[in-house]
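Just below is one structure, and these are the notes that go with it.
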Amino acid sequence: MDRALITEKLTTIFRSVFNDQAIVLRDDLTANDVANWDSLSHMLMIGEAEKEFSVKFKLKELGKLEDVKSLIDLLEQKIQSK
Amino acid sequence: MRSNSTFHSDVLTPFVAATEKFASHNAFCINGVFHSYRQLAETISAIRAEVKKMGAADNNVGLVANDDLETYAAIFALWFEGKSYVPVNPDTPAERNRNVLQQAGATVVIDSSDQPLYTEFNVVRSKELKAVAINLEPLPFDDEERAYIFFTSGTTGVPKGVPITRANLAGFIKAFFDLGITMDETDKCLQMFELTFDLSVMSYLAPLLKGACVYTIPKNKIKFNYIADLLEEHNLTVALMVPSIIHYLRPYLDEIHCESMRFSLFCGEALPLDVTSEWANSIPNAKIMNVYGPTEDTIFCTHYTYNRTGENKASNGLLCIGKAMNGTDTIIINENKEILPANEKGELCLGGVQLTPGYWKNEEKNKEAFFHIMYNGEMTRFYKTGDLCQADDAGDIMYLGRIDSQVKVQGFRVELSEIEFYAKEYLDKTNAVAIAFTNQLHNTEIGMVIESAEFDTKPMIEYMKSKLPSYMIPTQLRFINTFPLNTNGKIDRKVLKEKF
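So the protein lines, in turn, are chains A and B. Position 82 of the first sequence, counting from 1, maps to 82 under my numbering, and the rest follow consecutively. Position 1 of the second sequence, counting from 1, maps to 1001 under my numbering, and the rest follow consecutively.
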């Protein structure tokens, strides 16, 4: 799966979890930029991403997430090593 | 057992001793940066000098609650000056914060923000002060004076103030260390709470009285992730948390192994036994305690220690809240305010050294919430918690639920009626009901059912966000043509709850 497709699928998840159809994923997008991005919605988003891409994150991996780019990098790496 | 603690002997004296004895030790780790006790003492002294210059006649001083050394130092500066702090969260709508500051009668606000937020007040810009000689000599003060006022959700859209006196706080500190919780200059303690939430007070104050280091959480971080990192990278030894943190961490508990943890306390929400048992495996050397209490009785006032090897007292899978701490009295009463014997359900009431003198300038609420009753041969003042409880023969108290419509979200007290108040204010004649429900992560979430055909709710939510803190904003919305009614003719909230 290439980055474009990951981004596309992730966009759908973000729009649904954060309840905002206008969200556009940029590499440097962080929790500060999205109104409803808090601990709860973060967990829901992570859960949805795990389901969609059939991967399981480790806590340490989640702790290193800084922005959308790092999330896509992690997903890409997880999907490749499946 | 009554404590004879004073704010001077139990709070200020040990704090000053810690700043002298452990001057080069770390007092804080804030956003990865360490600050020593000497730096803390210098910052306190500088803020103190400025507060003195302002010559504020009023006792209550506003404090913009940022995550930095200056904000914590300001608290102590005010205490040494004989004043109390009224914290406001800069992320909360400004109108609500202005209401809080005005209610408290504050004329001075201490603010470490780059741009001061409330310019109509006299502002002490705590990040831009000149260094002065260290001065930690307290002004003489009365222990009946306030240490702080925290404002909590009120039913009519106006936050209500809970003043806590110096005697209340000294009583708490004494009772807290009486629990056998030991700390010294090697301890590393978590402070995960907003400074507008009173669990923060234990989290920063207890460690600073012993020369320990306080680890805070930057505002823009995902809390449970950051806590997990702190546990692993810094080997924390003491942590007070809300149970929702371990709910979030639950899928990953097998990755957490923190041998350094010695005391793990939970407060703010009911603590389920099953997740506690899983958490216990991640912190094999820690004593786990469930503590309970409302802001009105100073941070917390009952305690129960989790038993690692045997049975635990629980009700509906929720760990018991245990017995009163030293200096606190607990009774359970019926609707006629008669004290009930063991094993009978009723409303838990609290009295003793930690009990607030009453809501800030709110006689009506005070009449509702506080009363006097003959207890152990003395007329004693008690506070009605609104919590439905039952004590067993050993005196251990089980929490069974709320009597009214107050709920806890991430540990914050929320009056559902206050959320409804602002929704209805926006909707104008359309009815709306706020519902607290448990989501798939076992955390409390706020939903709202609107008696209307479906419409775009974004403007309504935006309006509510301009009035209420973020944890009070409904995350899920439903529509219904007509609200179902129960046999008493009231809106059947139970039926509405099933929609979530």
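Built from N, CA and C at the ideal position, the CB exists for glycine as well.
According to DSSP, simplified to helix, strand and coil, what is residue i?
i: B:N1290; result: strand
i: B:K1160; result: strand
i: B:F1382; result: strand
i: B:F1370; result: strand
i: B:R1002; result: The pLDDT assigned to B:R1002 is 48, lower than 50, so where the model puts this residue is not dependable, and the model offers no usable value.
i: A:A34; result: Note that residue 34 of chain A is Val in the sequence shown, not Ala. Note: A:V34 maps to coil in three-state DSSP.
i: B:T1302; result: strand
i: B:S1036; result: strand
i: A:G47; result: helix
i: B:L1253; result: helix
i: B:R1107; result: Looking at the sequence shown, residue 1107 of chain B is not Arg but Thr. Reduced to three states, the DSSP call for B:T1107 is coil.
i: B:G1062; result: strand
i: B:N1097; result: helix
i: B:F1500; result: coil
i: B:T1092; result: coil
i: B:D1067; result: coil
i: B:M1241; result: strand
i: B:G1275; result: According to the sequence displayed, residue 1275 of chain B carries Val and not Gly. Here B:V1275 sits in helix by DSSP.
Taking the beta carbon of residue i as the centre, do at least 16 other beta carbons fall within 10 Å, making it buried, or is it exposed?
i: B:L1485; result: exposed
i: B:H1247; result: buried
i: B:F1034; result: exposed
i: B:R1002; result: Unreliable positioning characterises B:R1002 in this predicted model, as indicated by a pLDDT of 48, which lies under 50. The coordinate reading is nonetheless provided below. The residue is exposed, with fewer than 16 neighbouring Cβ atoms inside 10 Å.
i: B:Q1354; result: buried
i: B:Q1102; result: exposed
i: A:R89; result: Nothing about residue 89 of chain A can be reported from this structure: the residues present for chain A run from 1 to 82 only.
i: B:K1458; result: exposed
i: B:Q1406; result: buried
i: B:A1018; result: buried
i: B:S1244; result: buried
i: B:N1290; result: buried
i: B:G1377; result: exposed
i: B:V1132; result: exposed
i: B:M1192; result: buried
i: B:F1455; result: exposed
Alpha carbon to alpha carbon, how far is residue j from residue i? Give it in angstroms, no decimals.
i: B:S1005; j: B:K1174; result: 7 Å
i: B:N1099; j: B:T1430; result: 27 Å
i: B:V1201; j: A:I79; result: 45 Å
i: B:N1135; j: B:F1080; result: 9 Å
i: B:D1067; j: B:D1492; result: 42 Å
i: B:E1020; j: B:F1076; result: 15 Å
i: B:S1277; j: B:T1482; result: 44 Å
i: B:A1074; j: B:E1145; result: 18 Å
i: B:A1023; j: B:F1370; result: 44 Å
i: A:I23; j: B:N1089; result: 27 Å
i: B:V1051; j: B:Y1085; result: 12 Å
i: B:K1345; j: B:Q1440; result: 30 Å
i: B:R1038; j: B:F1028; result: 11 Å
i: B:F1150; j: A:L75; result: 43 Å
i: B:W1279; j: B:M1241; result: 12 Å
i: B:L1129; j: B:V1109; result: 15 Å
i: B:V1433; j: B:E1420; result: 6 Å
i: B:T1380; j: B:H1372; result: 5 Å
i: B:P1357; j: B:S1112; result: 31 Å
On a Cα-Cα basis, can you pick out the residue from the options that is closest to residue i?
i: B:Y1359; options: B:K1384, B:G1055 and B:W1279; result: B:K1384
i: B:Y1399; options: B:R1381, B:E1378, B:I1299 and B:P1294; result: B:P1294
i: A:M43; options: A:R3, A:F18, A:R26 and A:A4; result: A:F18
i: B:Y1304; options: B:I1217, B:I1419, B:G1105 and B:I1181; result: B:I1181
i: B:T1152; options: B:E1145, B:P1163, B:D1143 and B:M1374; result: B:P1163
i: B:T1092; options: B:A1065, B:I1227 and B:E1255; result: B:A1065
i: B:A1212; options: B:W1279, B:A1434, B:Y1226 and B:L1236; result: B:L1236
i: B:E1364; options: B:T1487, B:V1242, B:V1433 and B:K1160; result: B:K1160
i: B:K991; options: B:V1123, B:P1341, B:A1394 and B:D1010; result: Outside the modelled stretch of chain B, which goes from 1001 to 1500, sits residue 991 of chain B, for which no answer is possible.
i: B:I1288; options: B:V1238, B:G1351, B:G1105 and B:L1190; result: B:V1238
i: B:K1408; options: B:C1267, B:L1249 and B:N1307; result: B:C1267
i: B:L1069; options: B:E1418, B:A1041, B:D1229 and B:T1013; result: B:A1041
i: B:E1296; options: B:F1382, B:L1271, B:P1014 and B:D1187; result: B:F1382
i: A:S16; options: A:K64, A:S41, A:K82 and A:L59; result: A:S41
Less than 7 Å between the CB of residue i and some heavy atom of the ligand NAD, yes or no?
i: B:E1378; result: Absence of the ligand NAD from the depicted structure is noted, as is the absence of any ligand whatsoever, leaving it without description.
For residue i, would you say it is in contact with chain D, using Cβ-to-Cβ distances shorter than 8 Å as the test?
i: B:N1066; result: Any reference to chain D falls outside this structure, whose protein chains are A and B.
Listed in chain order, which residues of the stretch 22–40 of chain A have Cβ atoms closer than 9 Å to some Cβ of chain B?
-> Contact annotation: in the stretch 22–40 of chain A, residues whose CB is within less than 9 Å of a CB in chain B are T30, A31, N32, A35, N36, W37, D38, S39 and L40.
Short-range partners of chain B found in the stretch 61–80 of chain A, where Cβ spacing is below 7 Å = Correct list: L62 and G63.
Going along the chain, which residues of the stretch 1222–1248 of chain B sit with their C-beta nearer than 7 Å to a C-beta in chain A?
-> Residues of the stretch 1222–1248 of chain B with a Cβ closer than 7 Å to any Cβ of chain A, in chain order: I1222, K1223, F1224, N1225, A1228, D1229 and Y1248.
Can you list, in chain order, the residues of the stretch 1440–1454 of chain B whose Cβ is nearer than 9 Å to any Cβ on chain A?
-> The stretch 1440–1454 of chain B vs chain A, Cβ under 9 Å: Q1440, L1441, N1443 and E1445.
At a Cβ cut of 8 Å, what residues of the stretch 1246–1271 of chain B count as close to chain A, listed as they run along the chain?
-> Listed by position, the residues of the stretch 1246–1271 of chain B near chain A (Cβ gap below 8 Å) are Y1248, L1249, Y1252, E1255 and I1256.
With 7 Å as the limit, tell me which residues of the stretch 1030–1050 of chain B have their beta carbon closer than that to any beta carbon of chain A; keep them in chain order.
-> Of all residues in the stretch 1030–1050 of chain B, none has a Cβ within less than 7 Å of some Cβ in chain A.
Using a Cβ-Cβ cut-off of less than 7 Å, give me the residues of the stretch 40–58 of chain A that come near chain B, in sequence order.
-> For the stretch 40–58 of chain A, which is checked against every Cβ of chain B, the residues closer than 7 Å are L40, H42, M43 and K58.
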